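For reference, the structure is listed below as structure tokens.
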Amino acid sequence: MEDQLIWSLTPHGQFTTSSAYRLLDSDLPCSSNANFLYGECEWSNFWKLKWIHPKIMIFIWRALNDAISTRNKLKLWKPNFDSCCPFCLFEEESVDHLFLFCPIAKAVWFGSDLGARFDLFKHFPELMISFWISLGSAYLSSPHPSYPLAFSIIWHLWLAHNVVIFCGVVWPPELVICKARE
Ligand SMILES: [Zn+2]
2 MEDQLIWSLT PHGQFTTSSA YRLLDSDLPC SSNANFLYGE CEWSNFWKLK
52 WIHPKIMIFI WRALNDAIST RNKLKLWKPN FDSCCPFCLF EEESVDHLFL
102 FCPIAKAVWF GSDLGARFDL FKHFPELMIS FWISLGSAYL SSPHPSYPLA
152 FSIIWHLWLA HNVVIFCGVV WPPELVICKA RE
């Protein structure tokens, strides 16, 4: 049986926009800021995960709080800074763009074993909420392999971002997927 990421809010396990809206309209405020995650989602348990490398946990936590050096943030310090995404050279680079909307992110998610379209989410924290909720009580033990892969893809999209900026080398989506699987 192939690995598959299960969306827990629909009976068939497939993501639907309407179920995501119901989630976001419920007791979880909709925001690109991750502070709300502490309560309802018991997000503090995130730090108990044994199956994520600590450096990736810290990175994802920073990304959730919009505290990584994406180019839109750097532009706040230097108004003339080119905040264009180094991959698509079209949209401004942000956390949401880098992990959800950039063509390379979409190609990586869809081309990976997850075969998913996460650009249906509005913000990166919403994607992480969906992971967290669907992970359920398996968060501490041995989760379905989809989850470690998803977290690894996020990390390797960031590494690919650093490689293109600092080395001028573009990792194609297949290489990002391959490295995320290792
Ligand atoms: Zn882009």
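In my numbering, the protein residues as written are 2 to 183. All residues carry an ideal CB built from backbone N, CA and C; glycine is no exception. Quick caveat, the model's predicted, so the values are computed rather than measured.
Same chain, Cβ closer than 7 Å to residue i, five either side skipped, listed in chain order
i           : result
residue 164 : 170, 172
residue 101 : 119, 120, 122, 125, 128
Cβ-based burial, residue i [other Cβ within 10 Å; buried from 16]
i           : result
residue 73  : buried
residue 159 : buried
residue 162 : buried
residue 183 : exposed
residue 98  : buried
residue 94  : buried
Chain-order list of residues whose beta-carbon lies under 6 Å from that of residue i (same chain, five-residue window excluded)
i           : result
residue 67  : 96
residue 180 : 157
residue 63  : 69
residue 131 : none
Residue interval of the alpha helix (DSSP H) (run including residue i)
i           : result
residue 52  : No alpha helix (DSSP H) contains residue 52, which DSSP labels as neither H nor E.
residue 172 : Per DSSP, residue 172 belongs to no alpha helix (DSSP H) and is neither H nor E.
Contacts around residue i, its chain only, beta-carbon distance under 8 Å, and the 5 residues preceding and following it disregarded
i          : result
residue 57 : 152, 153, 155, 156
Query raised in the report: For the 8 Å Cβ check, are there 3 or more pairs between the region 75-84 and the region 104-117?
Result: no
Query raised in the report: Taking the runs of the alpha helix (DSSP H) that are 4 residues or longer, which of them lie wholly in the region 89-154?
Result: As far as the region 89-154 is concerned, its whole alpha helix (DSSP H) runs of at least 4 residues are 104-112, 125-136.
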